[in-house]
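Before any comments, here is the structure.
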Ligand SMILES: [Zn+2]
Ligand SMILES: [Zn+2]
């Protein structure tokens with residue numbers, strides 16, 4: 001019997017507004033959009049930020065396999081969660097069918113999300129109006145506390161603490177449970193309790209981590225967001241297995257997110273910082289988390305033979321040092337064969353011996369672990385790193 005496996009993909013992880021600043025490329029600049037494929041093939045899309053465009057452009061790709069049904073859950077109507085809708089190409093193809101879920105906003109009334117579609121594409125904001133969208137669209141209103149089933153999967157919604165309202169979603173699949181709680185500010189006892197129930201026992205808890213604990217206590221109080229520290233507390237109280245820090249501030253550089261992640265890992269055992277292109281599989285033996293970088297970023301690779309000394313942190317949190325040979329390198333990163341299993345999204349120091357004008361010189365590089373695969377040599381893993389300076 002094969003294990004049921006669910007696949008969670010991160011298409012957009014940035015909060016508030018997209019960023020194209022090179023200092024943010026490692027975690028990514030697209031606004032919220034996640035995709036969860038349940039073991040029965042049901043496709044869930046969480047939020048419609050600019051990451052949705054990327055998902056749409058992969059729609060027809062070979063092996064992406066069109067899902068039997070697509071259910072799109074929209075947490076709320078702030079720009080960063082809806083701005084990908086007009087750019088989602090599958091909405092323009094008449095053979096597609098989508099089920100949308102969101103709440104009735106008191107500012108919009110009935111059919112809130114339908115109105116959002118029409119208003120976003122009204123003249124002169126967009127070159128064509130909503131009638132150009134030929135896909136079948138069904139809209140369903142959800143309220144905090146509501147739940148429904150699709151196949152063998154159960155979706156539950158709860159209110160979060162955010163200006164003009166926001167829903168958190170819990171999706172239970174036969175492979176595991178994912179709770180999506182973005183755009184939430186802790187501090188309202190009733191809503192905090194409700195979120196704790198929503199997240200109880202989740203395999204993956206995706207939590208708003210836009211601000212630092214200091215910002216949250218002072219000048220960003222009341223803005224409707226959370227911090228890594230609150231996320232770690234919630235994960236611990238809810239008995240969640242893995243915490244994913246999400247909705248990175250547009251002003252947070254990759255270095256700042258690295259530091260946020262490092263601090264969170266001191267508070268909670270299993271934490272990742274959401275990064276564009278990251279894929280988490282649930283229900284697979286060993287619960288492996290995989291992160292991928294888009295192909296173009298690892299292109300222009302060259303085969304090489306550099307002796308290197310690598311220092312880093314193992315999956316279990318221990319420091320290690322080992323000698324190896326780097327055989328595959330580009331200006332941006334390298335594929336390194338190691339006996340130790342480093343932690344995903346941790347830093348590796350790579351000291352390579354490179355021939356220079358004055359003989360062999362040591363080149364000291366800082367790498368960031370983006371993927372880990374079984375290595376070609378027995379007892380080794382192939383570790384993909386990107387160089388960060
Ligand atoms: Zn947001
Ligand atoms: Zn918001």
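In the working numbering, the protein residues as written are 1 to 389.
Glycine included, each C-beta is placed from N, C-alpha and C at the ideal position.
Practice task
Report whether the distance from the Cβ of residue 224 to the nearest heavy atom of ligand 2 is below 7 Å.
Solution key: One-based indexing of the chain shown puts residue 224 at position 224. For ligand 2, at least one heavy atom lies less than 7 Å from the Cβ of residue 224.
Problem - Short Cβ contact (8 Å threshold) for residue 263 with residue 196 - result: If you number the chain shown from 1, residue 263 lands on position 263. If you number the chain shown from 1, residue 196 lands on position 196. No, they are not a contact pair.
Exercise for the section: Flag residue 48 as yes when its Cβ comes closer than 7 Å to any non-hydrogen atom of ligand 2, and as no otherwise. Expected result: Your numbering for residue 48 matches position 48 in the chain shown. Residue 48 has its CB no nearer than 7 Å to any heavy atom of ligand 2.
Problem - ligand 2 site residues, beta-carbon cut 5 Å against heavy atoms - result: 78 and 183
Handout entry: beta-carbon residue 32 near ligand 1 non-hydrogen atom, thresh 7 Å
Key = Here residue 32 refers to the residue found at position 32 when the chain shown is read from its first residue. Yes, the Cβ of residue 32 comes within 7 Å of a heavy atom of ligand 1.
Practice task
Say yes only if the C-beta of residue 15 is nearer than 7 Å to one or more non-hydrogen atoms of ligand 1, and no if none qualify.
Solution key: To locate residue 15, count along the chain shown from 1; it is residue 15. The answer is yes for residue 15.
Handout entry: Heavy atom of ligand 1 within 7 Å of residue 380 beta-carbon
Key = One-based indexing of the chain shown puts residue 380 at position 380. For ligand 1, not one heavy atom lies less than 7 Å from the Cβ of residue 380.
Practice task
Pull up the CB-CB distance for residue 32 and residue 4, whole angstroms please, since I reckon it's below 8 Å.
Solution key: For the purposes of this step, residue 32 is identified with residue 32 of the chain shown, where counting begins at 1. For the purposes of this step, residue 4 is identified with residue 4 of the chain shown, where counting begins at 1. Actually they are not in contact, since the Cβ atoms of residue 32 and residue 4 sit about 26 Å apart, beyond 8 Å.
Handout entry: Helix, strand or coil at residue 40 according to DSSP, with G and I counted as helix
Key = Within the chain shown, residue 40 is the residue found at index 40, counting from 1. Coil at residue 40, not helix or strand.
Practice task
For residue 386, I'd like the list of residues in its chain whose CB is within less than 6 Å of its CB, leaving aside the five on either flank, ordered along the chain.
Solution key: Here residue 386 refers to the residue found at position 386 when the chain shown is read from its first residue. If we look at residue 386 and ignore the five residues flanking it on each side, its Cβ neighbours are 332, 333, 368 and 370.
Exercise for the section: Express the C-alpha separation of residue 101 and residue 246 in angstroms, rounding to a whole number. Expected result: Here residue 246 refers to the residue found at position 246 of the chain shown. Here residue 101 refers to the residue found at position 101 of the chain shown. If I take the Cα positions, the gap works out to 21 Å.
Exercise for the section: Tell me whether the beta-carbon of residue 82 lies closer than 8 Å to the beta-carbon of residue 98. Expected result: For this step, residue 82 is matched to residue 82 along the chain shown. For this step, residue 98 is matched to residue 98 along the chain shown. Cβ atoms of residue 82 and residue 98: not closer than 8 Å.
Exercise for the section: List the whole-angstrom C-beta distance separating residue 87 from residue 276, where the pair is believed to meet the contact cut-off of C-beta under 8 Å. Expected result: For the purposes of this step, residue 87 is identified with residue 87 of the chain shown, where counting begins at 1. For the purposes of this step, residue 276 is identified with residue 276 of the chain shown, where counting begins at 1. In fact, because the Cβ distance is near 16 Å, the residues do not count as touching under 8 Å.
Exercise for the section: Output yes or no for whether 8 Å exceeds the beta carbon distance between residue 198 and residue 220. Expected result: One-based indexing of the chain shown puts residue 198 at position 198. One-based indexing of the chain shown puts residue 220 at position 220. Not closer than 8 Å, so no.
Handout entry: Collapsed DSSP secondary structure at residue 213 in the structure displayed
Key = Residue 213 sits at position 213 when you count from the first residue of the chain shown. Correct three-state label for residue 213: helix.
Practice task
Report, in whole angstroms, the separation of the C-beta atoms of residue 50 and residue 253, which I expect to be a contact under 8 Å.
Solution key: Numbered from 1 along the chain shown, position 50 holds the residue referred to as residue 50. Numbered from 1 along the chain shown, position 253 holds the residue referred to as residue 253. Actually they do not touch by this definition, with Cβ atoms about 19 Å apart.
Exercise for the section: Classify residue 118 as helix, strand or coil using the three-state DSSP reduction. Expected result: Here residue 118 refers to the residue found at position 118 when the chain shown is read from its first residue. In the structure shown, residue 118 sits in a helix (DSSP, three-state: H, G or I).
Handout entry: Where residue 226 sits in the DSSP three-state scheme
Key = On the chain shown, position 226 is the one that residue 226 refers to. Three-state result, residue 226: coil.
Practice task
Confirm, please, whether the CB-CB distance from residue 168 to residue 179 is below 8 Å.
Solution key: The residue given as residue 179 occupies position 179 in the chain shown. The residue given as residue 168 occupies position 168 in the chain shown. It is a contact, given that the beta carbons lie within the stated cut-off.
Handout entry: Distance cut-off 7 Å: residue 80 Cβ against heavy atoms of ligand 1
Key = Along the chain shown, read from residue 1 onward, the residue named residue 80 stands at position 80. Checking every heavy atom of ligand 1 against the Cβ of residue 80, one is found closer than 7 Å.
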